[in-house]
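For reference, the structure discussed in these notes is given below.
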Amino acid sequence: MNAVADKYADQEIGSIFLYTHEAHPGENYLHLTSMEQKFEHARALRDVYGVTRPILLDALDGACHRAYGSMPNMSWIFNRAGMPVYKSDWTDSLSVDYAIRYLLEVGERRSDGQRMAPFNVERMDYRVQDREDFYKGLERNGPKAVREFDEAF
Amino acid sequence: MDSDLIQRYNYDEFVPEKFGPWMRFLESPAVGQKGPDFPLWDLEENETSLSAIWSQNAYTIVEFGSFT
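Heads up: the protein sequence lines correspond to chains A and P, in order. Counting along the first sequence from 1, when you hit position 58 you're at 58 in our numbering, and nothing is skipped either side. If you want our numbering, it's the 1-based position in the second sequence plus 1000.
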């Protein structure tokens, strides 16, 4: 997702990471009990995972996250007026890239004089499941996170 | 703030009865209608808002997530 952000940064496309709650808390990254701890975890996300986009924190009660469906790793695209034009219950950089390219093309078509009317579409997208990488993340969180994930599924 | 809500939202173990209730994507705002605004904080602990973010560009990508 950093690459998508960089790719479109000069085309009036902003990109942020919105920090929510710990989906798989472990011994190394416990569940959140304070904003101070949430800031620490968000800085660790930046430093360990190399997130280069601006990281913004939700409130401790997850007011924003809950209002938008509270999925653990979803992505949304908003227009300047605050209207969602894309929402996905999981994050896939290719899916987001396609959506941005489409939206930019709509702008170009409008500039060319075409009359454009919005419509709704639903589509099933597909993402790569990298279980090895996912488990590395769980192990980083702590043995408890690995054990609980294995027991849950 | 509601301390019970904070505790339930920030669940301490990944078990279905604790994470399942938060999977509410089907109840999320529709595309094409203005989304709700909320306060947010940057890593320097300055308060801003989702609307302040989305108003800065033609489009804004928002990825939700956490370290874990």
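Idealized CB from N, CA, C, for every residue including glycine. Source: prediction; values computed, not measured.
The C-beta of P:Glu1063 comes closer than 8 Å to at least one C-beta of chain A. Sequence-distant partners of A:Ala3 (beyond 5 residues in either direction) whose C-beta falls short of 8 Å from its own C-beta, in its chain, are Ser93. Looking at the DSSP output, A:Ser88 sits in a beta bridge with A:Ser75. Proximity to P:Asn1010 across A:Asp89, A:Arg66, A:Arg115 peaks at A:Arg66, based on C-alpha coordinates.
When A:Arg147, A:Trp76, A:Ser95 are compared, the shortest CA-CA separation from A:Tyr86 is found for A:Trp76. The beta carbon of P:Asn1046 does not come within 8 Å of any beta carbon belonging to chain A, so the residue lies off that interface.
Only Val1015, Pro1016, Phe1019, Trp1022, Met1023, Arg1024, Phe1025, Leu1026 from the stretch 1015 to 1026 of chain P bring a Cβ to less than 8 Å from some Cβ of chain A.
What A:Lys87 touches in chain P, judged by beta-carbon distance under 7 Å, is Ser1028, Val1031, going in chain order.
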